[in-house]
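Notes for the one structure printed next.
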Amino acid sequence: MDRSGEKRRKVTPKLLQEKKNRGELIVALGVYDSPMAAIADEVGFDLLINGNAGPMSLLGHPTPIDVRFDEQLVLMQAVTRIARYGLTVGHMPYMTYNISVPEAIRNAARLIAEGGADAVKCEGNKHTAKTVAEIVRAGIPVMGHMGMQASRKLEQSGYGFKGRTAQEAAKIVEDTRAFVDAGVVGIILEYVPNEITQYLAKTLPVPVISVGGGPSPDGIYIASSDVVGYSAFPKPKHEAAFVDVRPLIQQGLRQYKQEVLSQQYPYAEYTQHMTQEEHKRFLDVVERSA
44 MDRSGEKRRK VTPKLLQEKK NRGELIVALG VYDSPMAAIA DEVGFDLLIN
94 GNAGPMSLLG HPTPIDVRFD EQLVLMQAVT RIARYGLTVG HMPYMTYNIS
144 VPEAIRNAAR LIAEGGADAV KCEGNKHTAK TVAEIVRAGI PVMGHMGMQA
194 SRKLEQSGYG FKGRTAQEAA KIVEDTRAFV DAGVVGIILE YVPNEITQYL
244 AKTLPVPVIS VGGGPSPDGI YIASSDVVGY SAFPKPKHEA AFVDVRPLIQ
294 QGLRQYKQEV LSQQYPYAEY TQHMTQEEHK RFLDVVERSA
């Protein structure tokens, strides 16, 4: 039951599509570990996305290009062991679905079978859409990721804003349509002008969820590490922060260190002792064996 007393349902691709059809907003959150998954699922989100921000914010990777598949898989498992209601989506890391179709299907299947994900997330373009179609044909739901694509930073000349010109915007639309034709269940659209977000959300049959692309009538996505300020790196410029836990963590760590050095901690109430009789027996035993 949720707080309103209604029985909660596991979110599925069908439920996401129904929300779009009814004009209801989809709320998505990037989640990368078990504690955050537990909190997020309690609050209640439609999508729990294990994107490439996880290995960057938690494992210190400066770029998603050097993230190994098994690292992404472990973080996916950490989320799905805990989350019960949100639809969980696992990001396909750099070059894990670009070498061949069999390898792409195999890796996507591992995120589902071993990682526990409900769907996988692929970046790309109209050419990548052919592989995406094969993953979908294998029975694996796919969420497309368009606009700024971190794993394709070399091709895209960095992490900057995409689609500023009419020509660039038209290419994003063309690539996105190809992914929809391939059978994706939705589109994550990152760091683009809101005009592109609005156009695609209004013209595509699947949900278009914005992250740094302004308002979307379908839904909004943001990484939990940015929401709460918990990351190894600064917050991206195109995302908001709603609370900053870093000062609270620093306060707790500084107080712990200070109290250890001043011999205030461990506290007496958390320290266990032998009885006087057992302590005496203990000393007798160790002294005889010395």
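Sequence positions in the sequence shown follow this note's numbering and run 44 to 333.
For glycine and all other residues, C-beta sits at the position ideal for the given N, C-alpha and C.
Q: Check the C-beta distance from residue 158 over to residue 133 and give it rounded, since I have them as a contact under 8 Å.
A: By 1-based counting over the sequence shown, the position of residue 158 is 115. By 1-based counting over the sequence shown, the position of residue 133 is 90. Right, the Cβ-Cβ distance comes to about 5 Å (below 8 Å), so this counts as a contact.
Q) At what residues does the alpha helix (DSSP H) containing residue 237 begin and finish? A) As a first step, residue 237 is located in the sequence shown; it is residue number 194 there, counting from the start. That run of the alpha helix (DSSP H) goes 237-246.
**Q.** Range of the contiguous alpha helix (DSSP H) that encloses residue 300
**A.** Indexing the sequence shown from 1 puts residue 300 at position 257. That run of the alpha helix (DSSP H) goes 289-304.
Q.
Based on DSSP bridge pairs, tell me the residues matched to residue 264.
A. As a first step, residue 264 is located in the sequence shown; it is residue number 221 there, counting from the start. According to the DSSP secondary-structure assignment, residue 264 is paired through a beta bridge with 71.
(Q) Relative to the C-alpha of residue 223, which candidate in 252, 86, 176 has its C-alpha closest? (A) Sequence index remark: in the sequence shown, residue 223 carries index 180 (1-based). Looking at the Cα atoms, 176 is the closest of the given residues.
Q.
Quick check on the DSSP output: what are the complete beta strand (DSSP E) runs of length 3 or more inside the stretch 138-183, in order along the chain?
A. With a minimum length of 3 residues, the continuous beta strand (DSSP E) runs that stay inside the stretch 138-183 are 162-166.
(Q) Considering only the alpha carbon of each residue, which of 315, 163, 251 lies closest to residue 179? (A) Indexing the sequence shown from 1 puts residue 179 at position 136. Looking at the Cα atoms, 163 is the closest of the given residues.
Q. Looking at the structure shown, is residue 93 part of a helix, part of a strand, or coil, going by DSSP?
A. Taking the first residue of the sequence shown as 1, we reach residue 93 at position 50. Assignment of residue 93 by DSSP, reduced to helix, strand and coil, places it in the strand class.
Q. For residue 276, is the classification buried or exposed, using 16 other Cβ atoms within 10 angstroms of its Cβ as the cut-off for buried?
A. Along the sequence shown, read from residue 1 onward, the residue named residue 276 stands at position 233. Exposed, since its Cβ has fewer than 16 Cβ neighbours within 10 Å.
Q | the ligand MN heavy atom lying under 6 Å from the CB of residue 123 | A | What this structure holds is no ligand at all, so the ligand MN is not there to describe.
Q: Return the chain-ordered list of same chain residues with a C-beta closer than 7 Å to the C-beta of residue 166, the five sequence neighbours on each side being excluded.
A: Within the sequence shown, residue 166 is the residue found at index 123, counting from 1. Its chain contains 188, 192, 194, 195 as the residues whose beta carbon lies nearer than 7 Å to that of residue 166, once the 5 sequence neighbours on both sides are disregarded; these appear in chain order.
Q) To the nearest angstrom, how far is it from the Cα of residue 78 to the Cα of residue 288? A) The residue given as residue 78 occupies position 35 in the sequence shown. The residue given as residue 288 occupies position 245 in the sequence shown. When rounded, the separation of the alpha-carbon atoms in residue 78 and residue 288 is 14 Å.
**Q.** DSSP three-state assignment for residue 189, whether helix, strand or coil
**A.** If you number the sequence shown from 1, residue 189 lands on position 146. Look at residue 189 here: in three-state DSSP terms it is strand.
Q | Nearest to residue 170 (by Cα), restricted to the options 186, 145, 88, 225 | A | For the purposes of this step, residue 170 is taken as the residue at position 127 of the sequence shown. In terms of CA proximity to residue 170, 225 leads the group 186, 145, 88, 225.
Q) How should residue 332 be labelled, buried or exposed, when 16 other C-beta atoms within 10 angstroms of its C-beta is the threshold for buried? A) Looking up residue 332 in the sequence shown gives position 289. Flag for residue 332 reads exposed.
**Q.** Same chain, Cβ closer than 7 Å to residue 217, neighbours up to 5 away in sequence not counted
**A.** Indexing the sequence shown from 1 puts residue 217 at position 174. These residues qualify, in order along the chain: 169.
Q: State the Cα-Cα distance for the pair residue 69 and residue 209, rounded to the nearest angstrom.
A: On the sequence shown, residue 69 is found 26 positions in, with the first residue counted as 1. On the sequence shown, residue 209 is found 166 positions in, with the first residue counted as 1. Roughly 28 Å between the two C-alpha positions.
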